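Read left to right, the sequence shown gives residues 1 to 167 (UniProt numbering).
No residue lacks a Cβ here, since even glycine has one placed at the ideal position from N, Cα and C.
The structure presented is a predicted model; accordingly, all values stated were derived computationally and were not measured.
Contents: one structure, followed by commentary.
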Amino acid sequence: KLNIGVDTIQHGVEGLVYLLTESSKLMASIPFRKECGDTLRRCLISEVDFQDSIHVLGFSDELNKSLLQLYLDNRKEIRSILGELAPRLPSYHSLEWRLDVQLASRSLRQQIKPAVTMKLHLNQNEDQTAQVLQTDPATLLHLIQQLEQALGEMKMNHCRRIVRNMK
């Protein structure tokens, strides 16, 4: 009826879905005041970014305004749907640990072989699961250093901004 190929319509719909979902994912919720004539109004940085993003596609101004309005009308709903589709990761509940030291074996009489055994209890939805991990102290120290480095990076402004926008 439209005299357009099925592939063209499919690619157009996929492109529109991609544009709206990616824009909603990257939506910044930092309001700023913009002077419009003699009044000040609140605008979202994401509106300006969205307009800049679609401007390079070469569409007419009327189509750009229609896409912007479509985006503004549906961005909260798109974000809520994307939030529901996000995988539910397990969360920490508790940790049990034990230090085992093998002092000797049949073949080696004076051998010291330490091992740290940990039982990590996790909550996922309403279920509790447990993971048993065993490592040597050197690897455990390296893991602790890496986790402390990751926590340090989470305190940086860039990471805080990303986490805030993900919520």
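task: Within the same chain, show all residues whose beta-carbon is closer than 8 angstroms to that of residue 97, passing over the 5 residues directly before and after it, in chain order.
output: 116, 117, 118 and 119
query: Name the DSSP beta bridge partners of residue 121, please?
result: 94 and 130
query: Got a sec? Which residues, its chain only, sit under 8 angstroms from residue 140 by beta carbon, not counting five neighbours each side?
result: 116
query: Can you name, in chain order, every residue of its own chain whose Cβ lies under 6 angstroms from the Cβ of residue 35, other than the five neighbours on each side?
result: Unreliable placement is indicated for residue 35, whose pLDDT of 46 sits below 50; no coordinate value is reported for it.
- request: Determine the DSSP secondary structure at residue 89, reduced to helix, strand or coil.
  value: coil
message: So the candidates are 60, 80 and 138; which of them puts its Cα closest to the Cα of residue 25?
response: 80
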